[in-house]
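Each protein sequence line maps, in turn, to chains A, B, C and D. Counted from 1, the first sequence has number 119 at position 119 by this note's numbering; the numbering is strictly sequential. Counted from 1, the second sequence has number 212 at position 212 by this note's numbering; the numbering is strictly sequential. Counted from 1, the third sequence has number 131 at position 131 by this note's numbering; the numbering is strictly sequential. Counted from 1, the fourth sequence has number 67 at position 67 by this note's numbering; the numbering is strictly sequential. Glycine included, C-beta positions come from ideal geometry on N, C-alpha and C. Notes follow once the structure below has been shown.
4 protein chains.
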Amino acid sequence: MSSTYGEHLHLSIFGQSHGPAVGMTLDGIPAGLPVDMEALQAFLDRRAPGRNAWSTPRREEDRPEFLSGILESHTCGAPITAVIYNQNTRSADYRAIQDCPRPGHADFPAQVKYGGFQDTAGGGHFSGRLTAPLCIAGGLCKQWLERLGIAIYAHIAVLAGVGGGSFDPVTPEVDKIGKDFPVLDPQAGEAMRRAIEKARSQGDSVGGIIECAVLGLPVGLGEPMFGGMESRIASAVYAVPAVKGVDFGAGFAAAYLKGSENNDPYTLADGQIRPVTNRAGGILGGLTTGMPLIFQAAVKPTPSISKPQQSVSFSEKTVKTLEIKGRHDPCIVPRAVPVIEAAAAVAILDIILQEGKLWN
Amino acid sequence: MSSTYGEHLHLSIFGQSHGPAVGMTLDGIPAGLPVDMEALQAFLDRRAPGRNAWSTPRREEDRPEFLSGILESHTCGAPITAVIYNQNTRSADYRAIQDCPRPGHADFPAQVKYGGFQDTAGGGHFSGRLTAPLCIAGGLCKQWLERLGIAIYAHIAVLAGVGGGSFDPVTPEVDKIGKDFPVLDPQAGEAMRRAIEKARSQGDSVGGIIECAVLGLPVGLGEPMFGGMESRIASAVYAVPAVKGVDFGAGFAAAYLKGSENNDPYTLADGQIRPVTNRAGGILGGLTTGMPLIFQAAVKPTPSISKPQQSVSFSEKTVKTLEIKGRHDPCIVPRAVPVIEAAAAVAILDIILQEGKLWN
Amino acid sequence: MSSTYGEHLHLSIFGQSHGPAVGMTLDGIPAGLPVDMEALQAFLDRRAPGRNAWSTPRREEDRPEFLSGILESHTCGAPITAVIYNQNTRSADYRAIQDCPRPGHADFPAQVKYGGFQDTAGGGHFSGRLTAPLCIAGGLCKQWLERLGIAIYAHIAVLAGVGGGSFDPVTPEVDKIGKDFPVLDPQAGEAMRRAIEKARSQGDSVGGIIECAVLGLPVGLGEPMFGGMESRIASAVYAVPAVKGVDFGAGFAAAYLKGSENNDPYTLADGQIRPVTNRAGGILGGLTTGMPLIFQAAVKPTPSISKPQQSVSFSEKTVKTLEIKGRHDPCIVPRAVPVIEAAAAVAILDIILQEGKLWN
Amino acid sequence: MSSTYGEHLHLSIFGQSHGPAVGMTLDGIPAGLPVDMEALQAFLDRRAPGRNAWSTPRREEDRPEFLSGILESHTCGAPITAVIYNQNTRSADYRAIQDCPRPGHADFPAQVKYGGFQDTAGGGHFSGRLTAPLCIAGGLCKQWLERLGIAIYAHIAVLAGVGGGSFDPVTPEVDKIGKDFPVLDPQAGEAMRRAIEKARSQGDSVGGIIECAVLGLPVGLGEPMFGGMESRIASAVYAVPAVKGVDFGAGFAAAYLKGSENNDPYTLADGQIRPVTNRAGGILGGLTTGMPLIFQAAVKPTPSISKPQQSVSFSEKTVKTLEIKGRHDPCIVPRAVPVIEAAAAVAILDIILQEGKLWN
């Protein structure tokens, strides 16, 4: 398997950047769940390009067309398939083989793996454009999770080295996330936008860290070992191109703490047991603790930059200087925020359906 | 699924800490592969407790007994099952329910999830003891990977805040890893051991970061999106208890770099294309680049500490002070090093078998 | 999972009879395989309605549109998605709930399962129309199998009680299969067509048995137990609506034979070991023997008949007489012949890819 | 995958006929389910050899030892592993390679597949002995299904050509199944036993057909297409060695009926909709109808016979006459009856857990 995910639900993502369409099939969803198309579109718009000063001016309409699975605004039990037709499809020169692999992209290993048969236009199936169908799936899953009282919020914790603050792990300040620019601290957000603008003007790019909190999870969700929440969420989040790190709770910082500092003691609240602190990020032994599930995802700087880069020619077997033309996002971190939420939503709905206990 | 892993091979891990045995079944392995039992035992000994001054003095013999799948030191094509019988099995009081959940352990969510039916003795199925069968599987996979020219090495990059150095990402100095204590810099190793001793004397514990390099991988291994190397390795590594973070190549640090700094330019070496640097950790677009695949795993400090901790009584619904008796590892990081290698070996052999191209 | 199949390749089928489209995604196919669209269309035409006197006069064009995965007539390594847009889509009255479940159809259990949210128009996702995307997938797999020297042929062994002959199990007479009407014995074919015509004139329907042979398989394909060829082929063939029985080789007749009659003795041919006879249908212990793999599928009479039938009203909770209007196939067996081939092709390519040994 | 089964639960079967042990791991079972070991042993005894005049006199004790997953007679949520140690293990000559493949056994394709590395003793992993761990899993699943009001009964419908009667498909006469010999008609049972005795005296063997009914299923269990009840049950039942045919309800006989004869009309009973007849075998569109789910499995005659048979020598590449020594079951059909029930139980519990609606 490759572009598929799930133990209970079954997500299959297809399409190439400049092919006729990108899309997804989501199978295994119960019948009778309502679908709010406006809310879904609003979610997709958070990812869509060309909406803001800090993103590429190229504007696409990411309007999904549903081919199956939804009837009168409700799931009908059949697999849900939606496609977004590409407006920017392959032109006559589409097989002008990309002779120079772009550093930081999948071009080189894909050329070796697929022997030159891969679709190279715009990165083909490896393009960030494939996060659009992931957001269709994730946006739907988010809606259905909300009906169970489960909400997912992400924000930019770091961008271009500028820290935007982190959630309080016990009571994440989700209301503080900026609507226009998803950061907790508006001033840091300003600095981040300036850093993006500066990178653009230099023909360069910047990366960042996205923090995501899942609120409202019951205690005891997850399975032991390979079925733990960390394994399942990480394997979904790492499907997002450019993600190079995922950690949970204190994460890498836990390596610097003592056990007495990192352990979360227990207390009673309204007769219920709960951890006092949440260094564990809401997960112990792979199982949810009922505290906010918090993870961070590191997003590398966009590999497409205008600066000249050293590459090679496949055909000539010579070293060459590559200059990537066109307009590119100098930073995909803001647009990646809903994508991270989407990946988390798919992973969490999958395990909830697998546990089969909540949907009543 | 829960304690199972794999797309092509199929690993199933079973057992509880104080039950009759822990073990594993590894299915989907080709017939005719040789098995070096001495090498396997040596690998298992790296994980076993009681071998060193810096580990708990309790000594167990982790000697696997193979029930199936191996004949005359070769795989026979049938599922491979091995068990390690527990010498330290449940005594008469085994159902003395663990009334106080230990902070940092799975006790609390497991109690909720399994309604009190779970095996609480020694952490049951959530115990670190389950990494022994993971090492049986991983130790076998490592042997078979070596026949393909693929080698896996891990070392302690950080322990208790002491940095032990990192691999050169292009030519990892795997020969420098200490045999007695798996660290690149012997002096840092001394400091780490002192930190462990200090934590022990304080009834506390420390964590760390393990860095792992996989050498000899071909170009183009992996699948797009959810089947990418990061997703598959992370989901295996996160099955190791206490791992709270996994990143690849520059990982979280990439968030602070510019694209021009993070991209690996290409060059030609002996007519072959290869990246000059390796900030990508040997993975682009989920596919291997032929460079060393490098990842880091953050290991939290051992949750079992002797210091008094605040917990609650399930039965009395009161806050209590918990004091954990017995001898515990003040740091599991050194013993976790081969476990991380094992998880990586299983993940990598799985995808190699799935690609079905190399085994000839 | 539900409408998905495969251990190595991954087939996902979607769509409802009167929804916008039916289609399929086929993931896990190697890059660089040629696609012959004309041959695929010819294969699909064998299933399409309205082509023959003995089928319904309603004529649909089943022309797949490929949204991804194919570039310049070759697979590009990305998931392959194709859709057939329904010309006969839901009209204004599409939610006129089917109040009377049609005997022999999924209507009643689907109503209970999906709580009335299912798409009832034309049987929705349970419609025989979903065999069109199965034939897209199977038609592609057949092409690629042919490149490996593997060919699949099916014919009508029984229709309406009329026997059309069976393959010689050692050297199936595949050349004798009628092009117009897939039967070995043309005279039996005439009798079958008369039986279909008679059933139509009576407002009734008839069923039959399809025999399928897979030629050119290597020895030793398949896995033990649940991964045996019988398990895998049967689970694919039973996905075809109306199939109620599947057996292999002598199959049910083997129950009446003695061991000495049913065992296939071995001989040598050109220095190669091979069975003399083929009562085993080319499978022993779940593994292929190198003989033709032969199975039969029982197809029940089309449940849609014009004769009045007893049913009930969901809304009124009364017994009612149901008369199904419209033109229906009095026999789907001829059109099911390529569908059975398609299901077999998908199952066999899946296991060949999983074994990973042949594609060179 | 090979010796593994399940979408929600996860069954892994291991062992070879003359290896140290055969066994199974069953993962994904909820915690807190009671286990009746006596009932399990009684179920296993139905399969065990040497109990009756009509079976081989070799007597083995099939007593499972549980290594994990069960605590104080209840499931504890961890994977359940049980083994049966083989008393009849490999002797010094175990690698005396079986130079002559036994007709009707997996010997020949296994030799090709595994290149001679397979365990040949007693058929290795392809031995009927592997049905013992299948019965451990199935016996447990049967117990848990009974708590949901679901019962599974099988009997011998045909043996050596002697018909033993079939279930009434609406109200199967499960009370009439003989305790000593599982047949509905005691006189037919006598004739069957005589036929077995005759086959034994002739050094030959006989086969038969087993009919199985699953009672108490809710309406609407199952998934569309590949997830239909037929696909899932057939893929489990075909894992039983010697099964060569599986059909549901009228099955192959449906091919001879008209639609008006085969369709089951609906009626109302106590305000509930239900089919009047049950030619569908309790399944429409892959979904349960609430009627008894009825299927038949064809079991070929035991391939091990004493009569001389033509085979070949692997080493000498010559045709040879093979005479199989030792005592063999002249008919495994009676012992296969609980095995078929076990396979059905595993398949049905799997889908029930997947649907996640019933266990409360």
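Kindly indicate if chain D contains any beta-carbon less than 8 Å away from that of glutamine 118(B).
-> yes
Burial state of glycine 28(C) (16 or more Cβ within 10 Å) | buried
For serine 12(D), does the three-state DSSP call read helix, strand or coil?
-> strand
Within-8 Å CB hit, histidine 18(D) to chain C | no
C-alpha distance - alanine 96(D) paired with glutamate 72(B), whole-angstrom precision = A caution first: alanine 96(D) carries a pLDDT of 47, below 50, which makes its placement in the model unreliable, though a value can still be read off. When only Cα atoms are considered, alanine 96(D) and glutamate 72(B) end up about 12 Å apart.
Min CB distance arginine 95(A) to chain C below 8 Å = Model confidence at arginine 95(A) stands at a pLDDT of 44, short of 50, so the residue's coordinates are unreliable and nothing is read from them.
With DSSP collapsed to three states, give me the class of serine 306(C).
-> coil
Measuring only between beta-carbons, confirm whether cysteine 76(B) sits less than 8 Å from chain D.
-> yes
Phenylalanine 117(B) versus glycine 356(A): straight-line alpha-carbon distance, rounded = 19 Å
Does the beta-carbon of aspartate 180(D) have 16 or more other beta-carbons within 10 angstroms, so that it is buried, or is it exposed?
-> By the 10 Å Cβ count, aspartate 180(D) comes out exposed.
Those residues which DSSP pairs with arginine 147(A) across a bridge = Answer is none; arginine 147(A) lacks a bridge partner.
Starting from valine 22(A), find everything on chain B with Cβ-Cβ shorter than 7 Å and list it in chain order.
-> By Cβ distance, chain B contributes nothing, its closest Cβ being about 12 Å from valine 22(A), past 7 Å.
Residues in its own chain within less than 8 Å of glutamine 202(B) by CB, not counting five upstream and five downstream?
-> Lys307
How big is the Cα-Cα spacing for alanine 199(B) and isoleucine 305(B)?
-> 9 Å
Please classify glutamine 272(A): is it buried, with 16 or more other beta-carbons within 10 angstroms of its beta-carbon, or exposed?
-> exposed
Please list, in chain order, all residues of the same chain as tyrosine 94(D) whose beta carbon is under 6 Å from its beta carbon, the five residues on each side excluded.
-> With a pLDDT of 41 at tyrosine 94(D), under the threshold of 50, the modelled position of this residue cannot be trusted, and the question is left open.
For cysteine 141(C), name the three-state secondary structure that DSSP assigns.
-> helix
Is any beta-carbon of chain A found at less than 8 Å from that of serine 166(B)?
-> no
Compare the beta carbon distance of serine 205(D) and alanine 234(C) with 8 Å and say whether it is the shorter of the two.
-> Remark: C-beta atoms of serine 205(D) and alanine 234(C) do not approach each other more closely than 8 Å.
Chain-ordered chain C contacts of glycine 163(D) [CB-CB under 9 Å] = Correct list: empty, because the minimum Cβ distance to chain C is about 10 Å.
Neighbouring residues, chain C, relative to valine 299(D) (Cβ below 7 Å) | Ala255
In its own chain, which residues sit with a C-beta less than 6 Å from the C-beta of glycine 15(C), not counting the 5 before and 5 after it?
-> Sequence-distant Cβ neighbours of glycine 15(C) in its own chain, meaning closer than 6 Å and more than five residues away, are Ala21, Val22, Gly23.
Count the other CB atoms, across all protein chains shown, that sit within 10 Å of the CB of glutamine 187(C); report buried if there are 16 or more and exposed otherwise.
-> exposed
Under the three-state DSSP convention, the category isoleucine 70(D) falls into = strand
Hey, would you say alanine 255(B) sits closer than 8 Å to glycine 208(A), going by beta carbons?
-> yes
Contacting positions in the segment 256–268 of chain C - beta carbon closer than 7 Å to chain D = Tyr256, Leu257, Lys258, Gly259, Ser260, Asn262, Asn263, Asp264, Pro265, Tyr266, Thr267, Leu268
Neighbour flag for serine 3(B) against chain A, beta carbons, 8 Å | yes
Same chain, Cβ closer than 6 Å to tyrosine 85(B), five either side skipped, listed in chain order = Closer than 6 Å at the Cβ level, and outside the excluded window around tyrosine 85(B), lie Ala21.
Should isoleucine 340(C) and leucine 221(C) be called a contact, given that it needs their Cβ atoms to be closer than 8 Å?
-> no
Interface flag, glycine 216(D) vs chain A, CB-CB below 8 Å = Chain A contact via Cβ: absent.
Checking contacts by CB at 8 Å: is glycine 208(D) closer than that to chain C?
-> yes
Length of the line joining the Cα atoms of glycine 128(A) and arginine 46(A) | Distance between the alpha carbons of glycine 128(A) and arginine 46(A) is about 14 Å.
Cutoff 8 Å: glycine 356(A) Cβ touching any chain D Cβ = yes
Just to confirm, are phenylalanine 226(A) and alanine 239(B) a CB contact at a threshold of 8 Å?
-> yes
For threonine 321(D), I'd like the list of residues in its chain whose CB is within less than 6 Å of its CB, leaving aside the five on either flank, ordered along the chain.
-> Pro308
Short Cβ contact (8 Å threshold) for valine 333(A) with isoleucine 150(A) = no
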